[in-house]
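Residue numbers (my numbering): -16 to 105. For reference, the structure is listed below as structure tokens.
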Amino acid sequence: NTALLHRYTDGIKCRIIITTFARAAQQWFNQLPIGAIGSFQEFRSLFLHQFASSQKLRKIELSLFVVRQKDNEPLKEYLQRFNVVALEVPSATQEVKASAFSQGLLNWDFFKVPSQKADLQV
-16 NTALLHRYTD GIKCRIIITT FARAAQQWFN QLPIGAIGSF QEFRSLFLHQ FASSQKLRKI
44 ELSLFVVRQK DNEPLKEYLQ RFNVVALEVP SATQEVKASA FSQGLLNWDF FKVPSQKADL
104 QV
């Protein structure tokens, strides 16, 4: 019963917990030098340092295509939300970002190519 675990000594707690380990955790534990762990708290700290990721997972380019403009959302707010996600996808090219952004718009008229050539002055 896990509710009774707090009653056990640190050594017993460590022996109990390692019986639940799968491949990577078992390999990690087996490579520790004998006597490397002095308490359950230290064991817990080492284990968490090894297996708990403090980094956010990076998003993939597909994440950009999930961002959509909401009904009645101003273009500026949509652009801000899109840019937040785009910053989390450093591998995305400008072409991918532009494509994802335009596909997420409610009104594509802005990006449609006019049938007649427009005079552009730069």
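No residue lacks a Cβ here, since even glycine has one placed at the ideal position from N, Cα and C. Just so we're clear, the structure is a prediction, and the values are computed from it rather than from any experiment.
- In this chain, the alpha helix (DSSP H) harbouring D(-7) covers -7 to 1.
- Secondary structure of S46 (DSSP, three-state): helix.
- Secondary structure of L62 (DSSP, three-state): helix.
- Taking 9 Å as the cut-off, the Cβ atoms of E71 and K42 count as close.
- At the C-beta level, F34 and K(-4) stay beyond 9 Å of one another.
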